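Chains as they are written, first to last, in our numbering: chain A, 1 to 87; chain B, 88 to 417.
Structure below.
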């Protein structure tokens, strides 16, 4: 391992050491916010009417990937919404 | 000139108040003569040299019966300078769903798209789809076709339906605004996380397709809403007949429209018993009608009123419509 590599690794180590805790917090916050956002987009799931449901058809295609991870995390194995055909 | 039971001539200020508008909605309880009035106003305006689009949103679609010409789902000239269009909510819903489907087909593999197609069919049966699609079409017309015509006349479905329609942008805009605010916060957070990396990917919230779609939607709704509330060129005409239930329903409609900041520019009292009808039967009917007429005067005192007598024959065809136009003092 050359000296340059060593320097680089040490730099990355320091970066991770000081930043990771902060990043973890931000990620947690991100996930929480995202859950709320998803809930607002798919309120039909919890049996509440969603006044913008039809307008959201436009954005559903963009959601497919995010929606998949989300419904898995929410403990639903298969896609709970017919119109979201991720699985 | 029609005035209810000889209560003096119409006030001059009412003359042609309708023809000064650029967008007119006609509403009222079912069967009171909305379509007749809307058609008469549209015809009078076109005879006065204006380019007019008469739009029927009532699923019953009687405009083509009145004009004795077929209307279609697209604008067509039915009389010189008078264009007609019947919105088929079902068809519009179809169009909307198809657009969404095309979006999915464009972005995903064939297998997924085919699966999605079957499933999306279910959404098209959801309550409210047709309503939204209908509203969308009206919105496209009052924003997109505004410059193509001097006057847009909407013959709407019975009151409750129309009022919901007019209040919808408010509701949906609030919702979409909340969604896009939340999405923005998410993206900002995502950017913060990205900044922590040694080699940030330079994520820009403005490139987010979801946010872009939401914002475009909101902008469009805001535009429609603004136009609906522009009192100087958008007006709502309420049609009522001197009977208990229509009066109640129309009073409620006027109140709701006021709350939604939509301008009620005229109340048309249709089918008033003619003064020259003779005989005991008519005398007795008129005495009863007088009660309702007084009530209308009192309850709608803040709006310009115009009275149309019951006509000896049904109204259809251009000749009869011209008669109604003149009774509307156009």
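Every residue gets a Cβ at the ideal spot worked out from N, C-alpha and C, and that includes glycine. All figures in this text were calculated on a predicted structure; none of them were measured in a lab.
- With a threshold of 8 Å between beta carbons, residue 219 (chain B) makes contact with chain A.
- At a cut-off of 8 Å, the C-beta of residue 10 (chain A) has no neighbouring C-beta in chain B.
- Secondary structure remark: continuous alpha helix (DSSP H) runs of at least 4 residues inside the segment 236-298 of chain B, in chain order: 246-282.
- In the three-state scheme derived from DSSP, where H, G and I count as helix and E and B as strand, residue 158 (chain B) is classed as coil.
- It is roughly 42 Å from the alpha-carbon of residue 368 (chain B) to the alpha-carbon of residue 321 (chain B).
- Across the segment 13-34 of chain A, CB contacts with chain B closer than 8 Å involve 15, 19, 22, 23, 26, 27, 29, 30, 33 and 34, in sequence order along the chain.
- Following the DSSP letters along the chain, one finds residue 395 (chain B) inside the beta strand (DSSP E) bounded by residues 392-396.
- Collapsing the DSSP output to three states places residue 170 (chain B) in a strand.
- Interface annotation, residue 132 (chain B): not in contact with chain A, CB-CB separation never under 8 Å.
- Chain-ordered, the chain A residues with CB closer than 8 Å to the CB of residue 269 (chain B) read 33, 36, 37 and 40.
- Per DSSP, the continuous alpha helix (DSSP H) segment holding residue 30 (chain A) begins and ends at 3-41.
- Within the model, the alpha-carbon separation for residue 141 (chain B) versus residue 345 (chain B) is close to 24 Å.
- The count of Cβ pairs closer than 8 Å, one atom from the segment 229-247 of chain B and one from the segment 110-117 of chain B, reaches three, so the stretches are in contact.
- Contact note: residue 296 (chain B) reaches chain A through 59 and 62, using a C-beta cutoff of 8 Å and chain order.
- In this structure residue 395 (chain B) touches residue 356 (chain B) by the C-beta definition: roughly 7 Å separates them, less than 8 Å.
- In the structure shown, the three-state DSSP call for residue 353 (chain B) is strand.
- Contact note: residue 215 (chain B) reaches chain A through 49, 51, 53 and 54, using a C-beta cutoff of 9 Å and chain order.
- Going by beta carbons, residue 105 (chain B) and residue 317 (chain B) fall outside the 8 Å limit.
- Secondary structure note for residue 140 (chain B): its beta strand (DSSP E) is the uninterrupted segment 139-143.
- Contacts with chain A at 8 Å (Cβ-Cβ) include residue 279 (chain B).
- Residue-level contact check: residue 190 (chain B) touches chain A, since one or more beta carbons of chain A fall below 8 Å from its beta carbon.
- When the Cα atoms are used, residue 145 (chain B) and residue 252 (chain B) turn out to be separated by approximately 12 Å.
- For a cut-off of 8 Å, the C-beta gap from residue 170 (chain B) to residue 139 (chain B) is around 7 Å, short enough to register as a contact.
- With contacts defined by Cβ atoms closer than 8 Å, residue 380 (chain B) and residue 329 (chain B) form a contacting pair.
- With a cut-off of 8 Å on Cβ pairs, the segment 302-315 of chain B is not in contact with the segment 278-288 of chain B, counting fewer than three such pairs.
- Where residue 112 (chain B) is concerned, the enclosing beta strand (DSSP E) starts and stops at 110-114.
- Ranked by Cα distance from residue 406 (chain B), the first of B:309, B:154, B:117 and B:136 is B:154.
- Assignment of residue 358 (chain B) by DSSP, reduced to helix, strand and coil, places it in the strand class.
- For residue 114 (chain B) against residue 323 (chain B), the beta-carbon gap comes to about 6 Å, under 8 Å, which counts as contact.
- Separation of residue 159 (chain B) and residue 151 (chain B) (C-alpha to C-alpha, rounded to the nearest whole angstrom) is 9 Å.
- In this model, residue 57 (chain A) and residue 48 (chain A) are separated by some 17 Å (Cα to Cα).
- According to DSSP, residue 325 (chain B) shares a beta bridge with B:114 and B:354.
- If you draw a straight line from the Cα of residue 373 (chain B) to the Cα of residue 339 (chain B), it is about 25 Å long.
- By the Cβ neighbour-count rule, residue 332 (chain B) is exposed, with fewer than 16 other Cβ atoms within 10 Å of its own.
- Between residue 225 (chain B) and chain A, the shortest Cβ-Cβ separation is not below 8 Å.
- Contact annotation: residue 130 (chain B) and residue 363 (chain B) have beta-carbon atoms that are not nearer than 8 Å.
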